[in-house]
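K.L.:
One structure, pasted below without further comment.
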(Lines of atoms letter the chains of each structure in order from A and count residues from 1; the text may use other names and numbers.)
(Lines give C-alpha, C1' and ligand atoms only; values in the text may rest on other atoms or scores of the structure.)
Protein backbone atom coordinates (compact mmCIF):
# COMPACT_ATOMS: atom_id res chain seq x y z
CA UNK A 1 0.00 0.00 0.00
CA UNK A 2 2.76 2.44 0.94
CA UNK A 3 4.69 1.51 -2.20
CA UNK A 4 1.61 2.05 -4.39
CA UNK A 5 1.00 5.49 -2.87
CA UNK A 6 4.66 6.50 -3.28
CA UNK A 7 4.57 5.27 -6.87
CA UNK A 8 1.41 7.29 -7.61
CA UNK A 9 3.00 10.44 -6.14
CA UNK A 10 6.14 9.86 -8.21
CA UNK A 11 4.08 9.44 -11.40
CA UNK A 12 2.20 12.70 -10.77
CA UNK A 13 5.47 14.54 -10.01
CA UNK A 14 7.14 13.13 -13.14
CA UNK A 15 4.12 14.04 -15.29
CA UNK A 16 4.31 17.62 -14.00
CA UNK A 17 8.00 17.78 -14.90
CA UNK A 18 7.41 16.34 -18.37
CA UNK A 19 4.69 18.91 -19.05
CA UNK A 20 6.73 21.81 -17.63
CA UNK A 21 7.97 24.43 -20.02
CA UNK A 22 9.95 27.63 -19.75
CA UNK A 23 9.02 30.57 -21.94
CA UNK A 24 11.14 33.65 -22.59
CA UNK A 25 10.40 36.89 -24.38
CA UNK A 26 9.23 40.43 -23.89
CA UNK A 27 5.95 41.60 -22.37
CA UNK A 28 3.65 43.50 -24.75
CA UNK A 29 0.85 45.76 -23.53
CA UNK A 30 -2.37 45.40 -25.53
CA UNK A 31 -5.04 48.07 -25.05
CA UNK A 32 -8.81 47.63 -25.03
CA UNK A 33 -8.99 48.12 -28.81
CA UNK A 34 -6.55 45.26 -29.38
CA UNK A 35 -3.63 47.49 -30.39
CA UNK A 36 -0.15 47.44 -28.93
CA UNK A 37 0.97 50.14 -26.51
CA UNK A 38 4.53 48.78 -26.67
CA UNK A 39 6.64 46.62 -24.38
CA UNK A 40 7.64 46.82 -20.72
CA UNK A 41 10.54 49.20 -20.21
CA UNK A 42 13.93 48.10 -18.90
CA UNK A 43 15.28 51.10 -17.04
CA UNK A 44 17.52 51.33 -14.01
CA UNK A 45 14.47 52.68 -12.16
CA UNK A 46 12.37 49.60 -12.97
CA UNK A 47 9.93 48.19 -15.50
CA UNK A 48 6.65 49.94 -14.62
CA UNK A 49 6.20 51.75 -17.92
CA UNK A 50 6.40 51.36 -21.69
CA UNK A 51 9.80 51.16 -23.40
CA UNK A 52 10.67 53.97 -25.82
CA UNK A 53 14.36 53.08 -26.24
CA UNK A 54 14.20 49.87 -28.27
CA UNK A 55 15.62 47.85 -25.37
CA UNK A 56 12.56 46.26 -23.70
CA UNK A 57 12.69 44.07 -20.63
CA UNK A 58 13.14 40.36 -21.34
CA UNK A 59 11.47 37.87 -19.02
CA UNK A 60 11.23 34.17 -18.28
CA UNK A 61 8.30 32.19 -16.88
CA UNK A 62 8.32 28.51 -15.99
CA UNK A 63 5.13 26.46 -15.98
CA UNK A 64 6.48 23.70 -13.72
CA UNK A 65 4.05 24.61 -10.93
CA UNK A 66 0.30 24.93 -10.75
CA UNK A 67 -1.48 28.15 -9.93
CA UNK A 68 0.17 31.53 -10.04
CA UNK A 69 3.72 31.79 -11.30
CA UNK A 70 6.78 34.00 -11.01
CA UNK A 71 7.81 36.27 -13.88
CA UNK A 72 11.57 36.84 -13.80
CA UNK A 73 13.58 39.56 -15.58
CA UNK A 74 16.50 38.13 -17.59
CA UNK A 75 18.19 41.33 -18.84
CA UNK A 76 17.31 43.75 -16.04
CA UNK A 77 18.90 47.20 -16.02
CA UNK A 78 17.54 47.62 -12.48
CA UNK A 79 19.16 46.08 -9.37
CA UNK A 80 18.06 42.75 -7.87
CA UNK A 81 15.67 41.24 -7.00
CA UNK A 82 14.50 40.29 -10.50
CA UNK A 83 10.99 38.97 -9.76
CA UNK A 84 8.26 41.10 -11.39
CA UNK A 85 5.47 41.51 -8.88
CA UNK A 86 3.46 44.00 -6.89
CA UNK A 87 3.97 46.17 -3.83
CA UNK A 88 1.03 47.54 -1.91
CA UNK A 89 0.92 50.35 0.61
CA UNK A 90 1.36 49.54 4.29
CA UNK A 91 -1.91 51.39 4.94
CA UNK A 92 -3.85 50.10 1.92
CA UNK A 93 -2.78 46.51 1.14
CA UNK A 94 -6.09 45.44 -0.43
CA UNK A 95 -7.59 45.86 -3.89
CA UNK A 96 -11.38 46.16 -3.79
CA UNK A 97 -14.22 47.23 -6.09
CA UNK A 98 -15.11 50.90 -5.63
CA UNK A 99 -11.65 51.77 -4.30
CA UNK A 100 -8.95 53.94 -5.90
CA UNK A 101 -6.19 51.90 -4.17
CA UNK A 102 -3.49 50.59 -6.51
CA UNK A 103 -0.59 48.16 -6.27
CA UNK A 104 2.70 49.26 -7.82
CA UNK A 105 4.35 46.91 -10.30
CA UNK A 106 7.96 46.62 -9.25
CA UNK A 107 10.82 44.21 -8.74
CA UNK A 108 10.27 42.18 -5.56
CA UNK A 109 11.76 39.27 -3.64
CA UNK A 110 10.16 35.87 -4.29
CA UNK A 111 7.03 34.99 -2.32
CA UNK A 112 4.95 31.79 -2.24
CA UNK A 113 2.12 31.43 -4.74
CA UNK A 114 -1.26 32.40 -3.31
CA UNK A 115 0.22 34.11 -0.27
CA UNK A 116 -1.04 37.48 0.95
CA UNK A 117 1.45 40.36 0.89
CA UNK A 118 4.68 39.58 2.70
CA UNK A 119 5.85 41.73 5.62
CA UNK A 120 7.27 44.10 2.98
CA UNK A 121 3.77 44.24 1.36
CA UNK A 122 5.00 42.52 -1.79
CA UNK A 123 3.92 39.51 -3.84
CA UNK A 124 5.88 37.90 -6.69
CA UNK A 125 3.95 34.78 -7.74
CA UNK A 126 0.92 36.70 -9.02
CA UNK A 127 0.88 35.66 -12.67
CA UNK A 128 -1.32 33.18 -14.51
CA UNK A 129 0.05 32.22 -17.92
CA UNK A 130 -2.10 30.95 -20.78
CA UNK A 131 0.26 28.81 -22.85
CA UNK A 132 -2.04 28.91 -25.90
CA UNK A 133 -2.55 32.70 -26.10
CA UNK A 134 0.59 33.74 -24.16
CA UNK A 135 -1.50 36.11 -22.01
CA UNK A 136 -0.18 36.97 -18.55
CA UNK A 137 -2.95 37.73 -16.05
CA UNK A 138 -2.26 39.00 -12.51
CA UNK A 139 -4.01 37.86 -9.35
CA UNK A 140 -3.36 39.95 -6.25
CA UNK A 141 -4.07 38.32 -2.89
CA UNK A 142 -5.43 40.69 -0.25
CA UNK A 143 -4.13 40.70 3.31
CA UNK A 144 -7.10 38.58 4.43
CA UNK A 145 -6.38 35.96 1.73
CA UNK A 146 -9.23 37.03 -0.58
CA UNK A 147 -8.55 37.20 -4.32
CA UNK A 148 -10.03 40.36 -5.81
CA UNK A 149 -10.59 41.12 -9.47
CA UNK A 150 -7.17 42.39 -10.53
CA UNK A 151 -6.65 44.64 -13.55
CA UNK A 152 -3.49 45.91 -15.20
CA UNK A 153 -3.82 49.67 -15.66
CA UNK A 154 -1.72 51.99 -17.83
CA UNK A 155 -1.45 55.73 -17.23
CA UNK A 156 -0.19 56.91 -20.63
CA UNK A 157 0.33 60.51 -19.44
CA UNK A 158 2.93 59.53 -16.82
CA UNK A 159 3.95 56.22 -18.45
CA UNK A 160 3.06 54.17 -15.37
CA UNK A 161 1.69 50.63 -15.18
CA UNK A 162 0.07 49.34 -11.99
CA UNK A 163 -2.56 46.94 -10.64
CA UNK A 164 -6.04 48.04 -9.67
CA UNK A 165 -9.19 46.46 -8.32
CA UNK A 166 -11.34 49.17 -9.94
CA UNK A 167 -9.84 51.35 -12.68
CA UNK A 168 -13.02 53.48 -12.91
CA UNK A 169 -12.79 54.32 -9.18
CA UNK A 170 -9.11 55.21 -9.66
CA UNK A 171 -9.98 57.48 -12.61
CA UNK A 172 -12.72 59.21 -10.60
CA UNK A 173 -10.19 60.26 -7.95
CA UNK A 174 -7.24 60.85 -10.32
CA UNK A 175 -9.01 62.33 -13.35
CA UNK A 176 -5.92 64.42 -14.19
CA UNK A 177 -3.95 61.22 -14.86
CA UNK A 178 -6.48 58.66 -16.06
CA UNK A 179 -5.54 55.06 -16.67
CA UNK A 180 -6.94 52.44 -18.99
CA UNK A 181 -7.08 48.67 -18.66
CA UNK A 182 -4.44 46.82 -20.68
CA UNK A 183 -3.45 43.19 -21.04
CA UNK A 184 0.02 41.64 -20.95
CA UNK A 185 1.13 39.13 -23.59
CA UNK A 186 4.46 37.34 -23.80
CA UNK A 187 6.06 37.77 -27.22
CA UNK A 188 8.66 34.99 -27.57
CA UNK A 189 12.23 35.86 -28.54
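Numbering (mature numbering (1 follows the signal peptide of the UniProt record, and there is no 0)), first residue to last: -20 to -1, 1 to 169. Yeah, the Cβ is synthetic: ideal placement off N, Cα and C, and Gly gets one too. All values derive from a computational prediction rather than experimental measurement.
Quick one: is residue 108 buried, meaning 16 or more other Cβ sit within 10 Å of its Cβ, or exposed?
P.N.:
The residue in question, residue 108, is exposed, as its Cβ has fewer than 16 Cβ neighbours within 10 Å.
K.L.:
Answer yes if the segment 33 to 53 comes into contact with the segment 68 to 85, meaning at least three C-beta pairs across the two stretches below 8 Å, and no otherwise.
P.N.:
The segment 68 to 85 is not in contact with the segment 33 to 53.
K.L.:
What residue from 85, 94 and 104 has the CA that sits closest to residue 139's CA?
P.N.:
The residue with the shortest Cα to Cα distance from residue 139 is 85.
K.L.:
Short of 7 Å in beta carbon distance, which residues of its chain neighbour residue 57, apart from the five on each side in sequence? Order them along the chain.
P.N.:
Hits under 7 Å: 22, 23 and 24.
K.L.:
Going by beta carbon distance, what residues of the same chain come within less than 8 Å of residue 128, once the five residues before and after it are set aside?
P.N.:
Once the five neighbours on either side are set aside, the close Cβ partners of residue 128 are 74, 75, 76, 77, 120, 122 and 145.
K.L.:
Per DSSP, residue 87 is paired with what?
P.N.:
Looking at the DSSP assignment, residue 87 forms a beta bridge with 64.
K.L.:
Taking 7 Å as the limit between beta carbons, can you name the residues of its chain near residue 94, skipping five residues before and five after?
P.N.:
Cβ within range, chain order: 47, 48 and 121.
K.L.:
If you check the beta carbons only, do residue 150 and residue 141 fall under 8 Å apart?
P.N.:
Contact: no.
K.L.:
With a threshold of 7 Å, establish whether the CB of residue 155 neighbours any heavy atom of the ligand GTP.
P.N.:
Annotation note on the ligand GTP: not contained in the displayed structure, which lists no ligands.
K.L.:
Nearest-angstrom Cα distance between residue 16 and residue 28?
P.N.:
Residue 16 and residue 28: Cα-Cα distance of roughly 16 Å.
K.L.:
Look at the alpha carbon of residue 164 and the alpha carbon of residue 117, and state the distance between them as a whole number of angstroms.
P.N.:
The alpha-carbon atoms of residue 164 and residue 117 are separated by roughly 7 Å.
K.L.:
Closest to residue 2 by CA distance: which of 111, 115 and 19 is it?
P.N.:
Comparing Cα-Cα distances from residue 2 to each of 111, 115 and 19, the minimum goes to 111.
K.L.:
By the 10 Å Cβ neighbour count, where 16 or more other Cβ atoms means buried, how is residue 97 classified, buried or exposed?
P.N.:
Per the 10 Å Cβ criterion, buried.
K.L.:
According to DSSP, which residues form a beta bridge with residue 19?
P.N.:
For residue 19, which the question treats as bridged, DSSP gives the partners 8.
K.L.:
Apart from the five residues on each side of it in sequence, which residues of its chain come closer than 6 Å, Cβ to Cβ, to residue 72?
P.N.:
Cβ within range, chain order: 81.
K.L.:
Pull the bridge partners of residue 144 from the DSSP assignment, please.
P.N.:
Residue 144 pairs with 82 and 131.
K.L.:
Relative to the C-alpha of residue 20, which candidate in 102, 39, 68 and 14 has its C-alpha closest?
P.N.:
Comparing Cα positions, the closest option is 39.
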